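Chains X and L are the protein sequences, given in the same order.
Residues in the first sequence are numbered consecutively from 988, following the numbering used here.
Residues in the second sequence are numbered consecutively from 988, following the numbering used here.
Even for Gly, the Cβ is constructed at its ideal location relative to N, Cα and C.
Computed from a prediction, not measured in an experiment: that's the story for all the values here.
What follows is a single structure, written as structure tokens, with notes after it.
There are 2 protein chains.
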Amino acid sequence: MTVTKRVSDRAYQTLRDEIVGWELPPGSVLGEVEQSTRLGVSRTPLREALARLTADGLVSSQSGRGLVVTDLSLASIREIFEVRQALEEQAARLASRRGDTAVFAKLESEFAAVNELLDHDDPARHAYYGLVARLDDAIDAAVDNSYLTSALATLRTHLVRVRRLAVDDPARLAAAAAEHLLIVQAIAARDAELAAHATQVHLHRAWRNIQKLANLENSPGPAPIVPRGSP
Amino acid sequence: MTVTKRVSDRAYQTLRDEIVGWELPPGSVLGEVEQSTRLGVSRTPLREALARLTADGLVSSQSGRGLVVTDLSLASIREIFEVRQALEEQAARLASRRGDTAVFAKLESEFAAVNELLDHDDPARHAYYGLVARLDDAIDAAVDNSYLTSALATLRTHLVRVRRLAVDDPARLAAAAAEHLLIVQAIAARDAELAAHATQVHLHRAWRNIQKLANLENSPGPAPIVPRGSP
DNA sequence: CACGCCAATTTTGTATACAGAACGTCGATG
DNA sequence: CATCGACGTTCTGTATACAAAATTGGCGTG
């Protein structure tokens, strides 16, 4: 357990968790004095936390009128996925070349048995997402590229926020697990091209699934997935 | 001329320019009080500037002992290029699909006549790099993806710092211009695949050129390109 | 002579106070 | 009744003061 003693780090993590956990939904305005009193910290460390969140792209200064939580329109999710396509394909390629085969072989066996994880009714799918997180960690370690790793980290933060929109689809989850299995197999077999292509397939299907869900919720039109609003 | 009135922004831009301009070479330690007195600002806005530089990856906290300007080893440049491969290929693809053909056709004619720019002896190659910057801007506008654009912006900041290592090679500059020409032609012709491949070719050659220069300077060994030191 | 510990100083992290700017509101006037 | 302007409130941005932590130097001891 990494105990962060810096107050600004605690404020950052708290706000970040609240944003990705939808306790602070898109459009929420974050006044400095308001949040500093709420979190019990001074304005100085809070400003540092907000600066980091701005750098992450989780909040942005809406026309000078305070900071607001970035919205999650379908268009912005598409933008995230376009970057994700580029970075995750590259990560899959590099991991195939540099990764520890044994590590990915073990992950392969775990993904092969993922049905058991999905059967245990775990409302938040903690076991499954934990396995995916361990795959992400293994890829990060394999690529050994701090720039790529940090870029992927911020992307994943945004994707956790998106996840809320797509959780309730067990069929999609099982399909995603199968797609992950192919990616891990390719990396374990040091097949960079297959890993890259399998990653593209996975992201294509994930994006299509999000599009489908968005169309179901508020059909039709290019409207934002969630209405703006404060808690 | 965008006049930045915020003191923290001025401090950020000043430090950023000094870092990419090698006035603050890699390894320089940036004490808060030292820099705040030097720039004539208080510590609070300076800390915000340093936080942004940290987010950019230009400075990092070296084991708690103050902030230091990130070093530019050959390994770190390779990492930058691995991310660049992924993002610029994607940008080229998307620009080919979404770009304004007329804009890129005009840039195409300018790159075709780039020899004239390179003939005028401009020590800093301002005209040439200005043209490249306009190409970057056109691509940013074409891709219309804020996440991708901001990621490319930070990458380009690092690349300006790298540029110092590769300026003195007119033959390479002419070759790079020809490579850029092909990329622009492909985008103007809406040939996404060719644009992607031409981008890969360009980045491959640019990286090879940097490797060659690094080997010439301090052969052999995986040593950093520049020795660490303060000004 | 080397290793370790203690103290002094510098440095970072946090809090608060002050100033300036922007937004909203209330009132007055056309 | 609508619109424009001025005032007040509230916000961000900046500076400074305070506290805590870490490093460096020196001194003592093994």
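Using a 10 angstroms sphere on the CB of A1078/X, the tally of other CB atoms reaches 16 or more, which defines it as buried. Around the beta-carbon of G1008/X, fewer than 16 other beta-carbon atoms lie within 10 Å, marking it exposed. In this structure, L1059/X keeps its C-beta atom at 8 Å or more from the C-beta atom of A1201/X. Here R1085/X has A1129, V1130 and D1131 as same chain residues with Cβ atoms under 8 Å from its own Cβ, once five neighbours each way along the sequence are excluded. Membership of V1056/X in the beta strand (DSSP E) is indicated by the continuous run L1054 to V1056. Of E1180/L, E1035/L and D1127/L, the smallest CA-CA separation from R997/L is found for E1035/L.
Between L1122/L and Y1115/L, the C-beta gap is not smaller than 8 Å, which leaves the two residues out of contact. Classified as buried, A1185/L has 16 or more neighbouring CB atoms from the shown chains inside 10 Å of its CB. With fewer than three CB-CB distances shorter than 8 Å, the stretch 1083-1103 of chain L does not count as touching the stretch 1135-1145 of chain L. Look at V1016/X here: in three-state DSSP terms it is strand. Around S1133/X, the beta-carbon contacts reaching into chain L at under 7 Å are E1066. Taking 8 Å as the cut-off between beta carbons, the residues of the stretch 1033-1049 of chain X near chain L are R1034, E1035, A1038, R1039, A1042 and G1044, in sequence order. Within the stretch 1039-1091 of chain L, the complete alpha helix (DSSP H) runs of at least 4 residues fall at 1061-1085. Rounded to whole angstroms, S1023/L and S1029/L show a C-alpha spacing of 6 Å.
Using a Cβ-Cβ cut-off of 8 Å, E1019/X is close to nothing in chain L; its nearest Cβ partner there is about 13 Å away.
Within chain X, the residues placing a beta-carbon under 9 Å from that of L1074/L are V1070, A1073, L1074, Q1077 and A1138, ordered along the chain. Here the alpha carbons of L1146/L and P1013/L stand approximately 14 Å from one another.
The three-state reading of DSSP puts E1095/X in helix, counting H, G and I together. Annotated as distal: L1011/X and L1037/X, with beta-carbon spacing of 8 Å or more. In this chain, the alpha helix (DSSP H) harbouring S995/X covers V994 to V1007. Cβ neighbours of A1179/X within its own chain (closer than 6 Å, five residues either side excluded): R1080, S1083 and R1084. Proximity of L1152/X to chain L, defined by a Cβ-Cβ separation below 8 Å, is not satisfied. Comparing alpha carbon positions, the residue from N1102/L, T1088/L, L1026/L and V994/L closest to A1164/L is N1102/L. With at least 16 other beta carbons inside 10 angstroms of its own, R1003/L counts as buried.
For L1081/X, the residues of chain L that pass the 7 Å Cβ criterion are E1069, in the order they occur in the chain.
If you draw a 10 Å sphere on the C-beta of L1135/X, you find 16 or more other C-beta atoms in it, and that means buried.
In the three-state reduction of the DSSP assignment, P1157/L falls in the helix class, which pools H, G and I. The closest CA to that of E1005/L, considering only L1118/L, R1039/L and V1056/L, is found on V1056/L.
In summary, L1203/X is exposed, with fewer than 16 beta-carbon neighbours lying within 10 Å of its beta-carbon over all protein chains present. For the options E1069/X, L1190/X, I1197/X and V1016/X, the alpha carbon positioned closest to that of L1169/X is the one of L1190/X.
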